[in-house]
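Okay, so the sequence shown: first residue is 52 according to our numbering, each after it adds one. Note that beta-carbon positions come from the ideal geometry of N, C-alpha and C, so glycine has one too. Bear in mind the structure is a predicted one, so any value in this text is a computation, not a measurement. This report concerns only the one structure given below.
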Amino acid sequence: VPPARDRLRIAIQKSGRLADPARALLASCGLSWRESRDRLFCYGETLPVDLLLVRDDDIPGLIADGVCDLGVVGRNVLAEQGADRAANDRPAAFREWRSLGFGSCRLALAVPEGWAWQGPAQLAGMRIATSYPALLSRWLAEQGVAAEVVLLSGSVEIAPRLGQADAVCDIVSSGATLAANQLKPVATMFESEAVLAGPVAELDAVRGELAALLLRRLDGVLRMRH
Ligand code: PRT
Ligand code: ZN
């Protein structure tokens, strides 16, 4: 059994859309850090709250495994991994603690511009490319539609032009990427933004108090921003 940690550890994206706003938000809660040489770990100075800089996809798992206590991640990533755990009968291990008001986007179904969209039933027997197989499968089941989920880790929007899929399910913000690939959004499956994620189980006393202090400051900062 590893020794109990007496510092709080927060996972944020190392680089990418949420990296800078996540750090700025935590800094506005009065946290500051001494950076390590490899820039993967930042040691908290004003409070015993450290940062781990990682791929966003790793954040839910780091919380589930107890390697990190909290994380800043897109609700889309948290929900996908939560739906995957549920589909495999694994217990919920992480959940959304707060929505943070940046990184907003949606998970949308998009079809070729030339299609006359009549509704989800039209997707029966079709191939849909996505990086969100659990959320897409759940949505298809809710709609009562049997379609094939084609898992791609990136460049999802190009799949129809390559003949890999008939439609796509992907993250959209401005819609410019869809338009550039002659696709149009026809259904929103999920509204997303950055969230503070934490464990379902309670933290131990020391880290629980640190988390409570951070949440009080965070709620103050979020109130002022709105
Ligand atoms: O390296 P790492 O794995 O950490 O990063 P990543 O490449 O997986 O994630 P990143 O940085 O691209 O996105 C992090 C999070 O930002 C996502 O999980 C979402 O919660 C959120 N977010 C907000 C977005 C977008 N907006 C967005 N537009 N994530 C991705 N996109 C993509 C979109 O899919 C499209 O391909 O950006 C492209 C441009 O979008 P349009 O609609 O404006 O053209
Ligand atoms: Zn990622």
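Residue pairing of Glu244 in beta bridges, as defined by DSSP: absent, with no partner found. Residue state for Pro99 is assigned as coil, using DSSP reduced to three classes.
Counting of Cβ neighbours within 10 angstroms places Leu265 among the buried residues, the total reaching 16 or more. Residue burial annotation: Val251 is exposed, with fewer than 16 other C-beta atoms found within 10 angstroms of its C-beta. Val123 sits away from Val272, with the two beta carbons spaced by 9 Å or more. Residue range 156 to 163 is occupied by the beta strand (DSSP E) that includes Pro163, with no alpha helix (DSSP H) assigned at that position. Less than 9 Å divides the Cβ of Val100 from the Cβ of Leu261. With a threshold of 16 other beta carbon atoms within 10 Å, Asp140 falls short and is exposed.
Nearest neighbour of Gly125 by Cα position, chosen from Gln233, Ile179, Arg106, turns out to be Arg106.
Between ligand 1 and the CB of Leu69, the shortest heavy atom gap is smaller than 8 Å.
Gly81 sits exposed, since fewer than 16 C-beta atoms from the chains shown fall within 10 Å of its C-beta. Under the three-state reduction of DSSP output, Pro250 falls in the strand class.
Put simply, the residues with a CB less than 5 Å from any heavy atom of ligand 2 are Asp107, Asp108, in chain order.
Under the 10 Å beta carbon count, Ala167 is surrounded by fewer than 16 other beta carbons and is classified as exposed.
Taking 9 Å as the cut-off, the Cβ atoms of Thr181 and Val162 do not count as close.
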